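Asker:
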């Protein structure tokens, strides 16, 4: 019988913590899908102790062993240990990646997931090294919404989101790059799908996890400024899809100000100029913010996996930002639209659509980053 | 908050229990990979209560919602409730399939998995109906060995086996057929890969689960005669791969009789005639046994996913069985070999190899069964 | 033996002439790849009589029967009859498409291909009807350069170009749309790959075939104004790749004016502002020209099959055109870059790269044209 | 202008003549699909002079340059020169393969195709070397019937057959193996699809081209004994499909003997024993004949691309042959059936079906031949 030793996260030397993280390491909060820990261990057995809470959005997790997806499961409130493996050859080194599947949660203040410790009878060897680091910023597409579930499923719940089947992680894996992700379903660069102007990524980009509200999340560092201390080689933004939807949905009235917001189309169906201009200005502003925090990174604004209508306004704003600032290390790229037959749940991109997008993006980054 | 009601398995009217089953329904033992329960339910929440035990081989499980794989996880000893879903639209009908991933276990007497009850706030509606029923009989290929895991993984453990990625279940799903499976890694029709003559499927075919030994398994019906009460349309055997390996491995000495068994090759490397004849006779005998219990079924002996060397002896034995008995409703079919790049763990067929085999077998059965 | 009757092109009622055509119908010049004739005929036998000339660029042709590519061959100078089919069931209707594979030729004044007549023992039935019509404008990609040939082939010759394997014709076929194409390898919207400012598509767009020079081409109508009489539903431009290359190549000195032209990069490798502006202005001017002749068409500027570097200047120019003119029926779309392993000859997109681009473009047009 | 020199076939030192050939080399008859010449040449231009004749079945040809299919065309009666390439870089070496697309013809005594000479301004360099040599024996599948043409095409004509899209040539190319082919649509190992007992491959296997009748074919060596002088590593037989069809078609009355032949089914639809035995005996006899002429070759009987019903009789006969003769270097292998959506013309396997079969066969041969 294996004699397990428990290692608090903060005490493991050879631990690769990935994804967008704050200062707190013990216990280690996983705020975003695709945040987690990676380690190369000997030993026959390995457990990860979690602390979790939620109301209706359970923080699903997944883990991979030697790069192969092994398990994916719902985590319910409480402290619990997940057995990652047992009965393996103690002498052999295994690389384990354990990560959150559920996006950062802005609708369920109780939702949180923390890693307390790793228990094993093995040794921690140096984890894989990554030459490149990427940052992904997005909406439901980057949250992997619909990558699990039947194409007839329409209820919006935690289990349909993932980092395990996701163009962002597929791209990072194909390039053998470290990465961090920040995304939120329904949000845009200027406003949410429903014209809610509070639901824009720039408003939360500079905090560790500005999406996770409430005192408990604050206590674990969600509201802290994000430090951008690990330089990334490229920032991949995938926003605009919800800004597009806002032109098709009713006005949103701000509960605080009482002001109604609505992105409008003219009688012929085209975007009203001053409304689309709001999106463009938001793009320009967000690019300035991204550049400020990532001075050496290539920035590419990607778009198209759920329709191409915003291609011109988005690319125009990227051009305008480049002209205004003289920043040439910025680009625009269409990713292929989800075609009939490649949808997952919620009419979102399914696994094949994510694979196609990852193929285009991987090829793009390989050229830009000269890999 | 949902008010859940607990339904013991035996009391659920609208429950589809699938896979090879004995008489015991409460709690319901799941002996084989691909054994489980299916139900169409309303309600916001659903839990399945399990009772499990094991030494080193943990009974992994998986579940699908509306046909999409949602979760796969290790089950450890004890009584536990798995939350299958929460927070779904209570009015909407969901079809849930919950099943065992791990093959029947012959090396760990403690290993067992039973479903005690389903807890939900919904109603059980009539589950899907299946026009056709199939039986699969096999070895590690049918146990889905290597369908999870990295192609460098070589340790033999529970987590690499599955029913969720498996040519047998893929075929059944493609034909919308009910099915039952009996398989055992390393076993053959005459002997195991290591010449162990006790490791042949015919010896366990007539019991509910002749693979699960010990008094505890006996108590839940494993050693009972299997009743073959639900007629199948086709029996798909996939055996011979381990009988082939036996010609390459050292002798096995029966611990009881002290007799050494070894399948031999002649100096040129060909099978020694009397040894390959043992395999042929085992095939003939097993076909008689299968026919006895499945009088109306089409029987097809499939082979090839891990090499073609036994094609002639196996097909010759099928022909001889047909000649001897006059039974014409029997056939032989090569399934495509696993090619480099499509291996999973343990040098076994990976997901793509199972997909290719399922494509050939599905096409075959569609024609034979005139679907 | 079939008794054949000869029908001059101009006398065939039920003939679908496709591709960019001038007024001359007898004999019918085929100036562009993808120009040809289509007919639905009974009869056992059918011949097409051609008149051809060339110096070093032979006008290859291809033909399809009932939508399947049947033959592709080199045409040498002289008058000759191509037997399209023989010995078919006389009563059965066959649809034949016969077309030029070689792009319009600007380097070989002798190069020309004309259809004189069709000989058959059958009747001409009404040819297929097309609900939609598309126009494609492009460079070597649209000329199908490299769609035939080995990926090591680097000589620039006629046989590597095609309409038979081409994202433009694939798209038209997938949408069951009629089409016309105008393209020229090495040319751009502002200048050619070698900075030759005469090599821009706008300069030839308003003539039937401004690419085919010399008195003999003039005599068959190449220099006539193109009439744009058949309205198209969409214009798909695929230009910018050679304008990009010009930034990497030496200056071109105009042999007439003696002026040297060179698109330049700054020391950091970025496009010099006034040089990239020339491209943008050329885009804007060309869009005005396209709109003038295609008042109701959706115009989409596609780009990316051989690199993405011009995405921002091109899309910015499209936006600027839209702002200046108020024309909203215009768009920009990246097509996926050719990845390693999908190149054809000359480091150009091969068959798989064209298929991927056609998939994205087909999906795009299906949505925009609400098909 | 290139100055061409004409080289009669028999005078070219560095010429690789492939496919089943007799003694006559000048002019060189191409009796079978997949027969032709290969050469590596410098020079700007290359022509091949042909001599052809036919009544209703025109001997189509195809050619590849550096491994890429470049042209495919109908050849009509007369002497003619095909220009293979022009205007290429004279210094660069090009490898040309030129071959017949049409199967050997048993219904049109006039049909013949001969290569008289090659004209070029270049030099003949040593052609590619092949380590392995394969022989293919088959029916319409090996004749590539339906690999060109629309899936609605049902007339039986020359243009639908090929060696350019064919599981046999795909396999040889994938293994970089030289090959020879002998096949005939509608023929079997015992009888043709229509019970014509004269239509069996064994009856023509020992002649150069026993399929091409008449004095003119005799004059060019068709009726000569085939010399089997180049040893092959493997013989791949693909027969049985037409023997199967014979059980579903009316009797054939031999026009000479007046005897009626019909393969019969019993009232339950199974093969009548003495009739299927005729097929088995034909298999055994043919294997003896193949072995006699190919003493060192692996022989594999493949079957299944158009249905699996003959799997047991064919494999049983292969086993019986092996038992009788002690020949162990013989095998049976199912190739995957053509599934809906992968048919070509005439309900025969289309390009994708040939690709799938080639993948299985290539993998098989790679293992057996230890490549």
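Residue numbers (the numbering used here), protein chains in the order written: chain A, 170 to 540; chain B, 170 to 540; chain C, 170 to 540; chain D, 170 to 540.
By construction, the Cβ of each residue, glycine as well, lies at the ideal position given by its N, Cα and C atoms.
Keep in mind that this is a model prediction, so the values were computed, not measured.
Comparing C-alpha positions only, which one of B:515, B:233, B:402 and B:245 sits nearest to residue 224 (chain B)?
Answerer: Within the second chain, numbered from 1, the residue matching residue 224 (chain B) stands at position 55. Looking at the Cα atoms, B:245 is the closest of the given residues.
Asker: What's the call for residue 442 (chain B), buried or exposed, on a 16-neighbour Cβ count within 10 Å?
Answerer: For the purposes of this step, residue 442 (chain B) is taken as the residue at position 273 of the second chain. Classification for residue 442 (chain B): exposed.
Asker: Go ahead and pull the three-state DSSP assignment for residue 433 (chain D).
Answerer: Counting from 1 along the fourth chain, the entry for residue 433 (chain D) is found at position 264. Three-state result, residue 433 (chain D): coil.
Asker: Using beta-carbon positions only, say whether residue 523 (chain B) and residue 335 (chain B) come within less than 7 Å of one another.
Answerer: Residue mapping note: residue 523 (chain B) aligns to position 354 of the second chain, counting from 1. Residue mapping note: residue 335 (chain B) aligns to position 166 of the second chain, counting from 1. In contact: residue 523 (chain B) and residue 335 (chain B) (Cβ atoms closer than 7 Å).
Asker: Which residue comes first and which comes last in the beta strand (DSSP E) that contains residue 543 (chain D)?
Answerer: Shown here, chain D extends from 170 to 540; a query on residue 543 (chain D) therefore has no answer.
Asker: Check whether the Cβ atoms of residue 373 (chain A) and residue 304 (chain A) sit closer than 7 Å, and answer yes or no.
Answerer: In the first chain, counting from the first residue as 1, residue 373 (chain A) sits at position 204. In the first chain, counting from the first residue as 1, residue 304 (chain A) sits at position 135. Not in contact: residue 373 (chain A) and residue 304 (chain A) (Cβ atoms no closer than 7 Å).
Asker: Express the C-alpha separation of residue 326 (chain A) and residue 256 (chain B) in angstroms, rounding to a whole number.
Answerer: Mapped onto the second chain, residue 256 (chain B) falls at position 87. Mapped onto the first chain, residue 326 (chain A) falls at position 157. Computed Cα separation, rounded: 7 Å.
Asker: May I ask which residues mark the beginning and end of the alpha helix (DSSP H) holding residue 458 (chain D)?
Answerer: To locate residue 458 (chain D), count along the fourth chain from 1; it is residue 289. Start and end: 442-462.
Asker: Given a cut-off of 7 Å, decide if residue 273 (chain C) and residue 187 (chain C) are closer than it, judged by their beta-carbon atoms.
Answerer: As a position in the third chain, residue 187 (chain C) is number 18, starting the count at 1. As a position in the third chain, residue 273 (chain C) is number 104, starting the count at 1. For residue 187 (chain C) and residue 273 (chain C), no; Cβs fall outside 7 Å.
Asker: In chain A, which residues lie less than 9 Å from residue 379 (chain B) when you measure between Cβ atoms?
Answerer: If you number the second chain from 1, residue 379 (chain B) lands on position 210. Within chain A, no residue comes near residue 379 (chain B); the closest Cβ sits about 24 Å away, beyond 9 Å.
Asker: Please tell me whether residue 207 (chain A) and residue 250 (chain A) are closer than 7 Å, where the distance is taken between their beta carbons.
Answerer: As a position in the first chain, residue 207 (chain A) is number 38, starting the count at 1. As a position in the first chain, residue 250 (chain A) is number 81, starting the count at 1. Not a contact, by the Cβ cut-off of 7 Å.
Asker: Would residue 456 (chain C) and residue 477 (chain C) qualify as a contact pair, given that the criterion is a beta-carbon distance under 7 Å?
Answerer: The count along the third chain starts at 1 and reaches residue 456 (chain C) at position 287. The count along the third chain starts at 1 and reaches residue 477 (chain C) at position 308. Taking 7 Å as the Cβ cut-off, residue 456 (chain C) and residue 477 (chain C) do not qualify as a contacting pair.
Asker: Under 8 Å Cβ-Cβ, which residues of chain B neighbour residue 497 (chain D)?
Answerer: What you label residue 497 (chain D) is simply residue 328 of the fourth chain in a count that begins at 1. Under the 8 Å cutoff, chain B gives 437 and 439.
Asker: Determine contact between the segment 226-243 of chain D and the segment 313-321 of chain C, defined as no fewer than three beta-carbon pairs at a distance below 8 Å.
Answerer: yes
Asker: Just confirm the distance between the C-beta atoms of residue 247 (chain A) and residue 231 (chain A), as a whole number of angstroms; I'd bet it's less than 8 Å.
Answerer: Here residue 247 (chain A) is taken as the residue at index 78 of the first chain, counted from 1. Here residue 231 (chain A) is taken as the residue at index 62 of the first chain, counted from 1. About 19 Å separates the two Cβ atoms, so there is no contact after all.
Asker: Are any of the Cβ atoms in chain C nearer than 7 Å to that of residue 172 (chain D)?
Answerer: Here residue 172 (chain D) refers to the residue found at position 3 of the fourth chain. Chain C, which has no Cβ nearer than 7 Å to the Cβ of residue 172 (chain D), makes this no.
Asker: Taking the CB atoms as reference points, tell me whether residue 143 (chain A) and residue 393 (chain A) lie closer together than 7 Å.
Answerer: For chain A, the structure presents residues 170 to 540; residue 143 (chain A) sits outside this window and is missing.
Asker: Going by Cα to Cα distance, which pick from A:339, A:538, A:286 and A:452 is closest to residue 196 (chain A)?
Answerer: The residue given as residue 196 (chain A) occupies position 27 in the first chain. The residue with the shortest Cα to Cα distance from residue 196 (chain A) is A:286.
Asker: Would you give the residue range spanned by the beta strand (DSSP E) that residue 359 (chain A) belongs to?
Answerer: Here residue 359 (chain A) refers to the residue found at position 190 when the first chain is read from its first residue. Taken as a continuous stretch (DSSP letters only), residue 359 (chain A) belongs to no beta strand (DSSP E), as it is neither H nor E.
Asker: Three-state secondary structure (DSSP) at residue 289 (chain A)?
Answerer: Here residue 289 (chain A) refers to the residue found at position 120 when the first chain is read from its first residue. Looking at residue 289 (chain A) - three-state DSSP - the assignment turns out to be strand.
Asker: Could you tell me whether the Cβ atoms of residue 397 (chain D) and residue 462 (chain D) are closer together than 7 Å?
Answerer: Sequence index remark: in the fourth chain, residue 397 (chain D) carries index 228 (1-based). Sequence index remark: in the fourth chain, residue 462 (chain D) carries index 293 (1-based). Yes, the pair counts as a contact, with Cβ atoms nearer than the cut-off.
Asker: If you reduce the DSSP assignment to three classes, tell me which class residue 422 (chain B) lands in.
Answerer: Position 253 of the second chain, counted from the start, is the residue given in the question as residue 422 (chain B). Residue 422 (chain B) falls in the strand class under three-state DSSP.
Asker: Considering only the beta carbon of each residue, do residue 198 (chain C) and residue 283 (chain C) sit closer than 7 Å?
Answerer: As a working note, residue 198 (chain C) is residue 29 in the third chain. As a working note, residue 283 (chain C) is residue 114 in the third chain. Closer than 7 Å, so yes.
Asker: What does residue 254 (chain C) reach in chain D if we use C-beta pairs closer than 9 Å?
Answerer: Taking the third chain and counting its residues from 1, the one referred to as residue 254 (chain C) is at position 85. Within chain D, the residues near residue 254 (chain C) are 243, 326 and 328.
Asker: Please classify residue 409 (chain B) as buried or exposed, where buried requires at least 16 other C-beta atoms within 10 Å of its C-beta.
Answerer: Counting from one through the second chain, the residue named residue 409 (chain B) turns up at place 240. Per the 10 Å Cβ criterion, buried.
Asker: Taking 7 Å as the CB-CB cut-off, is residue 414 (chain A) touching chain C?
Answerer: Here residue 414 (chain A) is taken as the residue at index 245 of the first chain, counted from 1. Residue 414 (chain A) does not count as touching chain C.
Asker: Could you tell me if residue 505 (chain D) is buried or exposed, where buried requires 16 or more neighbouring beta carbons within 10 angstroms of its beta carbon?
Answerer: On the fourth chain, residue 505 (chain D) is found 336 positions in, with the first residue counted as 1. Residue 505 (chain D) comes out buried.
Asker: Taking residue 185 (chain A) as part of the beta strand (DSSP E), name the residues at either end of that continuous run.
Answerer: In the first chain, residue 185 (chain A) corresponds to position 16, counting from 1. In the DSSP assignment, residue 185 (chain A) falls within the unbroken beta strand (DSSP E) covering 185-187.
Asker: Beta carbons nearer than 9 Å to chain C: which residues of the segment 285-297 of chain A have them?
Answerer: Taking 9 Å as the Cβ-Cβ cut-off, the segment 285-297 of chain A has no residue approaching chain C.
Asker: Would you decide whether residue 515 (chain D) is buried or exposed? Buried here means 16 or more other CB atoms lie within 10 Å of its CB.
Answerer: Mapped onto the fourth chain, residue 515 (chain D) falls at position 346. So residue 515 (chain D) ends up on the buried side.
Asker: Am I right that residue 306 (chain C) and residue 172 (chain C) are in contact with their C-beta atoms under 8 Å? What's the rounded C-beta distance?
Answerer: Residue numbering aside, residue 306 (chain C) sits at position 137 when the third chain is read from its first letter. Residue numbering aside, residue 172 (chain C) sits at position 3 when the third chain is read from its first letter. Actually they are not in contact, since the Cβ atoms of residue 306 (chain C) and residue 172 (chain C) sit about 44 Å apart, beyond 8 Å.
Asker: Does the distance from the CB of residue 209 (chain B) to the CB of residue 344 (chain B) come in under 7 Å?
Answerer: Position 40 of the second chain, counted from the start, is the residue given in the question as residue 209 (chain B). Position 175 of the second chain, counted from the start, is the residue given in the question as residue 344 (chain B). Cβ atoms of residue 209 (chain B) and residue 344 (chain B): not closer than 7 Å.
Asker: DSSP three-state label for residue 386 (chain A), please.
Answerer: Position 217 of the first chain, counting from 1, holds the residue named residue 386 (chain A). Helix.
Asker: Could you tell me which chain A residues have their CB closer than 9 Å to the CB of residue 354 (chain B), listed as they occur along the chain?
Answerer: Taking the first residue of the second chain as 1, we reach residue 354 (chain B) at position 185. Correct list: empty, because the minimum Cβ distance to chain A is about 15 Å.
Asker: Would residue 471 (chain C) be called buried (16 or more neighbouring beta carbons within 10 Å of its own) or exposed?
Answerer: Position 302 of the third chain holds residue 471 (chain C). Label assigned to residue 471 (chain C): buried.
Asker: Please report the straight-line C-alpha distance between residue 424 (chain C) and residue 323 (chain C), rounded to a whole angstrom.
Answerer: Within the third chain, numbered from 1, the residue matching residue 424 (chain C) stands at position 255. Within the third chain, numbered from 1, the residue matching residue 323 (chain C) stands at position 154. Rounded to whole angstroms, residue 424 (chain C) to residue 323 (chain C) spans 27 Å at the Cα level.
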